[in-house]
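Notes follow the structure.
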Amino acid sequence: MLDSMDGLQLHPVFLMLTFVSFIVLQWSVYFYKSTKQITSTRLQNIKIPYLCYSLSIMGWILSNAYFYSPLLVYLGEDAGIAAALAANLLSYSAFACAYLVCLYLARPNTIKIEITMLAIASLLVVTANLFNYDIIKSISIDEAGQFALHFGESTSYFFLIVLGIICLSFRCVILYARNAKPLQQIKSIYMLLGISVFMTSTLLVHVVVPIFYNDFSLAWLPPALSISEMFLMGYALVTSRFYSSRHILYRIISLSISMIVVSLPVLFFIEATNTKSTLSIILLTAAFTGICWKWLNEMSKQLASEVVFNHSFSPQRRIYNLADSFQTSIDKPLGQIASILGVSCDSIQLVSNIQDEPIYTRYLKSPTNVLVLEEIEDTIPYTQNPKEVLSLRKLYQKMDTNNIAMVLPIFDQTNNVAHLLIARKKHNGRLFFGEEIQALQSVLKKAQGYINADLKIKQSQALANSIAHEMRNPLAQAQLEFENIYQLISSTTSSDTLREHALKGKRAIDRGKQLIDIILREVNHSSLALEPTEPTDISSSIRSTIELYGFEHNADRARISLDLEQNFIAKINDTLFNFVMFNLLRNATYYFDSYPNSRIEIRTEQGKFENYVLFRDTGPGIPESLQSRIFDDFFSHKKSGGSGLGLGYCQRVMTSFGGSISCTSVLGQFTEFKLSFPATNLVVNSGVSPEEGKGTQQPPTDSQEPLLAKPLSFDFSASKMILVVDDKEVQRTLVKLYLEQLGYGVVLANNGKVAIEIIQSNPIDLVFMDIQMPVMDGFEAASIIRQSYPAIPIIALSGESGEKEIERMSELMNGRLSKPTTKEALSKILNSALKEPSLH
8 MLDSMDGLQL
18 HPVFLMLTFV
28 SFIVLQWSVY
38 FYKSTKQITS
48 TRLQNIKIPY
58 LCYSLSIMGW
68 ILSNAYFYSP
78 LLVYLGEDAG
88 IAAALAANLL
98 SYSAFACAYL
108 VCLYLARPNT
118 IKIEITMLAI
128 ASLLVVTANL
138 FNYDIIKSIS
148 IDEAGQFALH
158 FGESTSYFFL
168 IVLGIICLSF
178 RCVILYARNA
188 KPLQQIKSIY
198 MLLGISVFMT
208 STLLVHVVVP
218 IFYNDFSLAW
228 LPPALSISEM
238 FLMGYALVTS
248 RFYSSRHILY
258 RIISLSISMI
268 VVSLPVLFFI
278 EATNTKSTLS
288 IILLTAAFTG
298 ICWKWLNEMS
308 KQLASEVVFN
318 HSFSPQRRIY
328 NLADSFQTSI
338 DKPLGQIASI
348 LGVSCDSIQL
358 VSNIQDEPIY
368 TRYLKSPTNV
378 LVLEEIEDTI
388 PYTQNPKEVL
398 SLRKLYQKMD
408 TNNIAMVLPI
418 FDQTNNVAHL
428 LIARKKHNGR
438 LFFGEEIQAL
448 QSVLKKAQGY
458 INADLKIKQS
468 QALANSIAHE
478 MRNPLAQAQL
488 EFENIYQLIS
498 STTSSDTLRE
508 HALKGKRAID
518 RGKQLIDIIL
528 REVNHSSLAL
538 EPTEPTDISS
548 SIRSTIELYG
558 FEHNADRARI
568 SLDLEQNFIA
578 KINDTLFNFV
588 MFNLLRNATY
598 YFDSYPNSRI
608 EIRTEQGKFE
618 NYVLFRDTGP
628 GIPESLQSRI
638 FDDFFSHKKS
648 GGSGLGLGYC
658 QRVMTSFGGS
668 ISCTSVLGQF
678 TEFKLSFPAT
688 NLVVNSGVSP
698 EEGKGTQQPP
708 TDSQEPLLAK
718 PLSFDFSASK
728 MILVVDDKEV
738 QRTLVKLYLE
748 QLGYGVVLAN
758 NGKVAIEIIQ
768 SNPIDLVFMD
778 IQMPVMDGFE
788 AASIIRQSYP
798 AIPIIALSGE
808 SGEKEIERMS
818 ELMNGRLSKP
828 TTKEALSKIL
838 NSALKEPSLH
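In this note's numbering, the protein residues as written are 8 to 847.
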């Protein structure tokens, strides 16, 4: 046999189909291995049908390759007919298995009837082809690749059955896509595209053309194209991340341009030299491609990008190119990335405080990990482990509730997650495609060093800003008391009055020192675990803390109630515990002016394993969406001043005591912090009776009436009436003192809403406006005043130093003073503002 085949050349189509079948085999092995470790119920159901489909495709390709091999001529007509019948069976097997895959996707629980009907049809097809019941009558063979099959009458029934399976497969994919989520719809598009290419080419080339034109010259085409359907369907089954159609088109055009540019010189060379040496052609093509590849690759991508995206670079490339921009800024390149992705600037954010986000970080172990909302949703129904299902559901609900579409990790130099990049859902409902995710991962990997450095700088700036803001109020208090002492020295004031003002000034300075100590501990990253602790009577420690705390005015003490009957011993460091209580007191008393009926309740509770200090204030409360973030470093919400160091510091202190701190809050009702301490066997030895442990702090108090918006009785001897708006009483009092010394009438308001109500019912000549205030801040109030009373000058009186805040102040207001201000600065700006017309 070998002798008779000597001198025969292998047909190019035979070589091509053999190579394609080898690729199919490799893909089948890859699919099996990639799904072996996946426990998804869906994949387990469709794995066997898909592998049978792939192997049927491979057999069908090889059976078609037979007609282009030397064996076609050598073995003769009988073997040719057998090969044609085998091709029928293998092609039918591929169609049937593809239908099963689509059926399991569309209706996984109600397919008994369909499977029964498929089994009956399969029995008929197999019987008809195995025994050749008038399927193939004969075959005419001229040479390899030159043949003609003569079909019998039963062939039409076979083709009808195949056509029916094709239609049912399309129907299943459409059912799958009709009520599917966006990700499933993309999967169905890939599957429909693959099925369309494979089945349409098969019907046209193997049915229509042979029957009506008796032409088998293109019989090789459907087997060659079948690889596209296999890849598209397999890709849709094993992955949940897809490339956009525009990106695929861009890649196809780019590759086509490269192939054309390489082919033209090679074809010209072949034509000019009339060479037929395959080796020479291959070497020439490889040499030309290698020499020109860099230029060719750039040129083809640029041309393709111009065609598809109307830009010199693709969106993916433009995102890559932004990596170096992170050296000078974070916000600007993030804004550019948002623009390229077609989302708003605030849709992409960096989150630095990740200690309270374990639900994200547990899934982000390497730079290649990414959480995509639709991928999580697609995974949940097919996960078998109940615990993993519960975890994924919580993750999905958190992301969906917060409108988050994607979470990417940013690592530090120790390969730990340092920050998270949060991308919110696109407004048009579209998914983040594979090329966009790849580009973001690449740019973050390259820029993560710049991002970490920039965020550290921002934290330092926030810390400096915190020091500046936190010190303004005690400095203003001290300044006010010294001003009072200065005025009283020249009068016949008793020494007791002078002593009282001096004591208030000393308390303000002490409060400033306490703040400095807390901030310096954070700056120096002092290890709290190394601080000495000793058994301490917690009730005595709480009373001592309240006595030491530097209240802005004595009236605040009367609003604190103590219930310390259930006393206990805790191993603490007095200084650190004082800092915790100082932070809680400072946060609660911050709203005393704006919420005049609010109070603080501190009580102790004994437990079997833990003892507790409960600190409750009846102020504004904390929104539920923010409660999980209040212990983050540098997190602050609607508070002038602080950077949010306090509660994060409290959490670390309580951890060093072996305990914890938690928060419960109802917006508009209360906020309660629960300090937990490990129970000890030590007994309290205190001379304090239970009655003494329960009560309210009652030192001498100053009256503190809430500021009301109502018509006021003005001193008309004053030349002008000035409205001072600030949420801190000490700041209002200091400015009022200076203004009265300058001969102006003064009205006070503790937030923007009250200020507007006062202006509506009283003649006001000028407004000094703080910026950060509860209820209504200075910017909002200034905007309303500017619209309704454009003639009233507004002067910003604030400690804000940010570029955006200063720019907005210049837009809305007529001038700016920093807190605490001086009498000279007030006089200068008043003379200027009241003599000139309003600037707006």
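We put the beta carbon where it would ideally sit given N, CA and C, even for glycine.
**Message:** For the stretch 186 to 196 against the stretch 213 to 233, do three or more pairs of beta-carbon atoms, one drawn from each stretch, fall closer than 8 Å, so that the two count as touching?
**Reply:** no
**Item:** DSSP three-state assignment for Thr596, whether helix, strand or coil
**Value:** helix
**Asked** Got a sec, what are the start and stop residues for the alpha helix (DSSP H) Lys615 sits in?
**Response** No alpha helix (DSSP H) holds Lys615; DSSP gives it neither H nor E.
**Asked** My guess is that Ile355 and Ile326 are in contact by the Cβ rule of under 8 Å, so how many angstroms apart are they, rounded?
**Response** No, Ile355 and Ile326 are not in contact; Cβ-Cβ is about 11 Å, not under 8 Å.
**Message:** For Phe275, count the other beta carbons within 10 Å of its own beta carbon; 16 or more makes it buried, fewer makes it exposed. Which is it?
**Reply:** exposed
**Message:** Measuring only the C-alpha atoms, how far is Ala113 from Met661?
**Reply:** 55 Å
**Prompt:** When the Cα of Phe439 is compared with those of Asn422, Ile344, Leu402, which residue comes out closest?
**Reply:** Ile344
**Message:** Could you check whether Ile146 and Ala184 sit closer than 8 Å to each other, using their CB atoms as the reference points?
**Reply:** no
**Request:** Throw me the rounded Cβ distance for the Thr390 and Leu399 pair, which I believe falls under 8 Å.
**Result:** 6 Å
**For Thr625 and Ser605, believed in contact at Cβ under 8 Å, the rounded distance** = 5 Å
**Strand pairing of Glu608, partner residues [DSSP]** = Ser568, Arg623
**Prompt:** So what's Arg324 in DSSP terms, helix, strand or just coil?
**Reply:** helix
**Request:** To the nearest angstrom, report how far apart Thr25 and Leu303 are at their CA atoms.
**Result:** 31 Å
**Asked** If you count every other CB in all the chains shown that lies within 10 Å of the CB of Cys174, and 16 or more means buried, which is it?
**Response** exposed
**Request:** Along the alpha helix (DSSP H) that carries Gly913, what are the first and last residues, could you check?
**Result:** In this structure the chain extends from 8 to 847, so residue 913 is not present and cannot be described.
**Prompt:** Nearest-angstrom Cα distance between Pro713 and Asn757?
**Reply:** Residue confidence for Pro713 is low, a pLDDT of 44 falling below 50, so the modelled location carries little weight; the figure read from the coordinates is stated next. Going by the C-alpha atoms only, they are around 9 Å apart.
**Item:** Ala294 versus Tyr164 - alpha carbon distance
**Value:** 54 Å
**Request:** Write down the C-beta distance between Leu848 and Ile549 rounded to the nearest angstrom, noting that I regard them as a contact closer than 8 Å.
**Result:** Any property of residue 848 remains undetermined from this structure, which presents the chain solely from 8 to 847.
**Prompt:** DSSP three-state call for Arg437: helix, strand or coil?
**Reply:** coil
**Message:** Strictly by DSSP, which residues pair up with Gln356?
**Reply:** Ile429
**Prompt:** From Val20, Asp563, Tyr57, Ile68, pick the residue whose C-alpha is nearest to that of Ile30; which is it?
**Reply:** Ile68
**Cβ pair count under 8 Å reaching 3, the stretch 262 to 278 against the stretch 454 to 462** = no
**Request:** Excluding the 5 residues preceding and the 5 following Ser161 in the sequence, name in chain order all residues of the same chain whose CB lies nearer than 7 Å to its CB.
**Result:** Ala135, Tyr140, Asp141, Ile142
**Message:** Under 8 Å, with one C-beta from each stretch per pair, do the stretch 49 to 64 and the stretch 239 to 246 reach the 3-pair mark?
**Reply:** yes
**Request:** Could you pull out every residue in the same chain whose Cβ sits closer than 8 Å to the Cβ of Met23, ignoring the five residues on either side in sequence?
**Result:** Trp227, Ala231
**Asked** Alpha carbon to alpha carbon, what distance is there between Phe677 and Glu812?
**Response** 31 Å
**Request:** Entirely within the stretch 374 to 435 and at least 3 residues each: give me those beta strand (DSSP E) ranges in chain order.
**Result:** 411 to 418, 424 to 431
**Prompt:** Near Lys830, which residues of its chain fall below 6 Å by C-beta distance, leaving aside the five closest residues on each side in sequence?
**Reply:** Tyr745
**Start-to-end residues for the alpha helix (DSSP H) that takes in Lys43** = 19 to 43
**Request:** Give me the Cβ distance between Thr687 and Pro539, rounded to the nearest whole Å; I'm assuming they're in contact under 8 Å.
**Result:** So it is not a contact: roughly 16 Å between Cβ atoms.
**Asked** Where does the unbroken beta strand (DSSP E) through Met266 begin, and where does it stop?
**Response** That residue, Met266, is in no beta strand (DSSP E); its alpha helix (DSSP H) goes 252 to 280.
**Request:** Out of Leu841, Ser834, Pro827, state which residue places its alpha-carbon closest to the alpha-carbon of Asn821.
**Result:** Leu841
**Asked** If you run the structure through DSSP and keep just helix, strand and coil, what is Gln153?
**Response** strand
**Residue from Gln494, Asp784, Ser351, Leu773 whose Cα sits closest to the Cα of Leu837** = Leu773
**Asked** What does a CB cutoff of less than 7 Å around Glu787 pick up in its chain, not counting 5 residues either side in sequence?
**Response** Gly759
**Prompt:** On the three-state DSSP scale, how would you describe Pro713?
**Reply:** Bear in mind that the predicted position of Pro713 carries a pLDDT of just 44, short of 50, making it too unreliable to give a figure here.
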